[in-house]
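First comes the structure, then the notes that go with it.
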Amino acid sequence: MKYIFLVSFVVLSIAGIALTLTRSDVVGDKPIVYWQTQPSPEARNRAQLFRQWLAENGRPDIDLRIDPTSPNLSKTIIQGVSGVGGDLIQINIGADLTYLQEIGILEDLTDAALEHGFDTSTFASRAVSETTVNGRQYAYPFQLYVLLLYVNKTTFEELGLPLPPKQMNFETFERLGREFVERANPPGQPHRRFFAESVNYNTMRRSLGLDVFNETLTACVLDDARYERVLELIHRWTYDLRILPSAADISSFAATGGTPFGPRLYQFKEGNIGIIGGGNYLMGAMRQLGTIELAVIHQPAEEFPNALFGAGMLAMYRGSKNKAAAYEFLRFVASSTWNQSVAKVGDGIPANLQYAYDPDFLDPPNYPNEAGCNIVFVEAVELIGVPYSYSPFVPFSISNKIDNDAYQQFMAGRMSAKDAARRATELINREIERTLRDRPALREEYERRLERQKEIDRLRSEGKPVPLEWIDNPFHRHYYQFKGWVAP
Amino acid sequence: MSNLPLQRRRQRRNFIHGIGFLAPNLLGFLAFTLIPLLLSLFMAFSNWDLRLHNIFVREPLRFVGLDQFRTLLEQKDFWKFLGNTLFLMMGIPLTIIGSLMAAILLSQDFRVASGRRLIYLIAGVLLIGSTVILALAGAGATGMVLLMSGVVCLVLIGGMAAGSTVYRTLFYVPHFTAGVAVFLLWKKLYSPQGGPVNNFLAPILDGLADFVRVLPAHSDMAMLIASRVLMLGLLLLGLNVARKQWTQGDWGTIPIVLGLILLGLPVWYTPRWGAVPAIDQFFPLAAGVVLLVQIVLALRVTRMPCPLDEGMGNALVLSALLMTLQFALLGLGNVGFHLPQMAADGLEPPKWLNEYHWAKPAIMIMSIWASIGSNNMLLYLAGLSNVPVELQEAADIDGATRFQRFWHVTWPQLAPVTFFIVIMSVMGGLQGGFEMARAMTAGGPAGATTTLSYFVYTEAFENGRMGYASAIAWVLFAMVFLITLFNWKFGSRYVND
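Chains W and S are the protein sequences, given in the same order. When you line the first sequence up against the working numbering, it's residues 846 to 1333, in that order. When you line the second sequence up against the working numbering, it's residues 749 to 1245, in that order.
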């Protein structure tokens, strides 16, 4: 027995050593770079384009490999803190960038960005706060997105309804929604067709001047009648008027067709949903379904028109073993080749907006059904896009989960709108206290901001303007400017 | 004497060889179990946070004493998630009963004489063939029903031809099917509109709605009162048994008190959860009268002495069972009261995973389905084959019925197996729910399916609070340990008896 054991041990050891020594990154003649991204045909096409770009520009060949990951950060975090992260990390919102930077796994790219001509002065100004932490650049924005609403024009035409206007307040949205579902669902039959797939409660409450956090990001302020109004409206639209599908209705869609972005696009194409939310990253998936006559409009909003804005970004892992090669890919992302490819494919808005005004991007020649859509996206980026707000005193994953959880509790009938708003506020503020207790080093900065907040509140109560640099919350920066509350 | 060094050398050599053989396992155990376990214990008392402590950021680790545990116990969500975990564990008794029944059924021989096998086989193939043709020819839903019936026939015929091995394999299939595949399949089954489960329920609920609409007036109140009377009856039954066992010295005072607490829970909750406060507020009063009568009756007779904790297992099992039935009646009474109102607009099937109150039962049903044919069934099958035939024969000769043979011979003989299954199921139940939450619901809706194990995961890998997650894990361990200790102390008696 012991000889069998010994032989097995020796064979396995030799096999292990042989495998290690023959790994392509050990014996290969070109460096390997791992790109953590969601696997998609577009990502593979861009990896191919990168190789062509290297060859065309006479740069050394690099083996770019896609390391599949999900939008959830768990894998990135676990790999990153274990020292085995992918060389390049895809990040979809600034809050995640801040979190990964806090963990310490991101390389500071400020100097590289200057060298590559892709520093914060070169791309859309609204993306700057997404890519930077404390004034240092940690990512390259490779495309921008803004969450608006797509309209299936054919569905409205078939029902004999006018197309919804580009901007709607809550009342108009409700009125048009009622007309739609009355026409689309014959009486006495199950209600299967909906006006819109969803609305964004964040955008809705922001349109009333309310955000999750206050101006200095030191406290959650959701315990407010404006949020209660938004919650009650969404509940009414979902369960009383049935102009929006409930979670159960959406779940039922899953049994009746699917696309890379879920069955919702299929339902949209079929006319069971008149309006669907998303960025222009949905264009590619919709093209796969055939020709859909599209228009793009804003989310329902009241006083302050706004849209959630974000950037797809590429950051570099601080523990990367192939930094030089990874920089080559970043150089490629900063190049006109990349930006032109984004404009050509049309699955995002080029980060450098000069490419976004390319006529072929605004009115893609091969897709006349999309004419006039991209300009609405581009204008929204420039005029109404506001990123998520996140506080340095509570991780975004936690505040967002609490916010979403309270919303779900309300929609499930577990609590009133007032209680949901109060619960979200209490829990987020408790998390802020907990962060300060766990990380005393943050206390000083917190106290400083708290003092500033008091001063802002005083000035506002007196109806006086506030210096813009006092405001940390990106929403309030835009809102104050919109309201003319900024000191000259 | 001269052989002593030689012997020692041999012993040493054998020792080295032994360690060599064990080394891979020992090293694996040390690296992946013992050291992480000790590390997590240490982490539970520290402020370990991924944002502050990793290979890139090295802030000094602080000892925070019991802070993490204090925060945990103060957090409402922890109690909610513990409640979710315990709720899902309520399926364990049903699972065990199901596994036992499956094992008893599968220990029978279903095979028929070899001459008839060919006939059954030909009949089966013809049936399946015709149903497939019907389905393909466009018979639609009818074709699908026929196809499903055909498959069932084939299974039955297969069992007759090849014996219980076919059924054992079929029952065991859920256990060796990949978990995620099963979860996704159930997610489709539970689809609120167009899902097979609701397609099956819809016509039944339509029929029920029609039936309820023609019920006479006040039938809602009658159903409610009937349920409360039945609840009182169950309480009376429990108290009656408890009194007799206590006076006869079969149950000690501790199990009586614990049993009364369990029986009292539905009494406590009835005025709070009841559909008609005007009626339900009198329920505790009626229950109090029943209790008082039983106490008076108990004190009138001389009690046989017994240890304080005597009869713990039986008392808890009976009380838990009666408590579950009382709660079921409480719920049924409430539903019965609201049924005419609900039926007026037609009864809709549940929205299962998308509805707060149905998400947990939906997962529980799936778990029961998956667990009935699991290792529990195999253990019972093995246990049944070890029941001495002579005991069964002796009972048979004494004129025992089939049920009496099972209750007085088979069931006691299976006690060690049941004891093992209960311990393993409780441990698994407390640690379970992660895969379902991850694959089916992401812990929702509104946290309805978040269990403690999923809570550990989100705190550690989504929020980066390793110290806090470790504290949750150790609290979970403490609960598993205490319950196992309790089982061991009181359950093992039945095994040894």
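Positions of the beta carbon are idealized from the N, C-alpha and C atoms, including for glycine.
Closest in alpha carbon position to Val-1204/S, among Phe-1229/S, Pro-1193/S, Leu-1178/S, is Leu-1178/S. In terms of Cβ geometry, Phe-1001/W and Ala-1179/W do not form a close pair [threshold 8 Å]. Bridge partners of Ile-1121/W according to DSSP: Tyr-995/W. Contacts between Arg-799/S and chain W, judged by CB atoms closer than 7 Å, involve Glu-947, Ile-948 in chain order.
A contact is defined here as three or more CB-CB pairs under 8 Å, and the stretch 981-989 of chain S fails this definition with respect to the stretch 1207-1226 of chain S. Here DSSP, grouped into helix, strand and coil, assigns Trp-796/S to coil. If you draw a 10 Å sphere on the C-beta of Lys-1246/W, you find 16 or more other C-beta atoms in it, and that means buried.
Using beta-carbon distances, Gly-939/W does not count as an interface residue toward chain S, since no partner is under 8 Å. Residues of the stretch 1180-1202 of chain S with a C-beta atom less than 7 Å from some C-beta of chain W are Gly-1192, Pro-1193, Ala-1194, Gly-1195, listed in chain order. The continuous stretches of beta strand (DSSP E) do not include Gly-1195/S, and DSSP gives it neither H nor E.
For Val-856/W, the enclosing alpha helix (DSSP H) begins and ends at 847-866. In the assembly as shown, Ser-897/S is an exposed residue. Its beta-carbon has fewer than 16 other beta-carbons within 10 Å. For Asp-1250/W, the closest Cβ of chain S is nearer than 8 Å. Between Leu-1080/S and Ser-975/S, the C-beta gap is smaller than 8 Å, which places the two residues in contact. Secondary-structure assignment with DSSP links Ala-1140/W through a beta bridge to Val-996/W.
Taking 7 Å as the Cβ-Cβ cut-off, the stretch 914-944 of chain W approaches chain S at Ser-919, Ile-922, Ile-923, Val-926, Gly-928, given in chain order. Across the stretch 1237-1248 of chain W, CB contacts with chain S closer than 9 Å involve Pro-1240, Ser-1242, Ile-1243, Lys-1246, in sequence order along the chain.
Chain W has a Cβ within less than 8 Å of the Cβ of Asn-1211/S. Where Asp-908/W is concerned, the enclosing beta strand (DSSP E) starts and stops at 908-913. Cβ contact annotation for Glu-887/W (same chain, cutoff 8 Å, sequence separation greater than five): Gly-1129, Val-1190, Asp-1192, in chain order. The beta carbon of Ala-1332/W sits closer than 7 Å to those of Pro-1310, Val-1311, Pro-1312, all from its chain and outside the five residues before and after it, given in chain order.
Judged by their CB atoms, Asn-1151/W and Ile-1229/W are nearer to each other than the 8 Å cut-off.
Gly-1022/W has its alpha-carbon roughly 20 Å from the corresponding atom of Ile-1137/W.
From the listed residues Thr-1001/S, Thr-995/S, Arg-1020/S, the smallest Cα separation to Thr-1050/S is found for Thr-995/S.
Cα atoms of Ala-970/S and Pro-1145/W: separation of roughly 50 Å, rounded to the nearest angstrom. For Lys-1099/S, the chain W residues whose Cβ falls inside 7 Å of its Cβ are Ala-1093, in order along the chain. Take Arg-916/S, set aside five residues on each side of it, and the residues of its chain with a beta-carbon closer than 6 Å to its own are Leu-854, in chain order.
Near chain W, meaning a CB-to-CB distance below 7 Å, the residues of the stretch 939-962 of chain S are Ser-939, Pro-940, Gln-941, Gly-942, Gly-943. Rounded to the nearest whole angstrom, the C-alpha separation of Met-1049/W and Val-1075/W is 7 Å.
DSSP, read as helix, strand or coil, puts Phe-1229/S in helix. Between Trp-1117/S and Leu-1078/S a beta carbon distance of about 26 Å is seen, past the 8 Å cut, so the two are scored as non-contacting. In terms of Cβ geometry, Asn-1219/W and Asn-1125/W form a close pair [threshold 8 Å].
Burial check for Pro-1193/S: the Cβ neighbour count within 10 Å reaches 16 or more, so the residue is buried. A contact is defined here as three or more CB-CB pairs under 8 Å, and the stretch 1258-1270 of chain W meets this definition with respect to the stretch 1052-1071 of chain W. Under the three-pair Cβ rule at 8 Å, the stretch 1159-1170 of chain W counts as touching the stretch 948-960 of chain W. Glu-975/W is positioned such that its CB atom lies closer than 8 Å to that of Met-1158/W.
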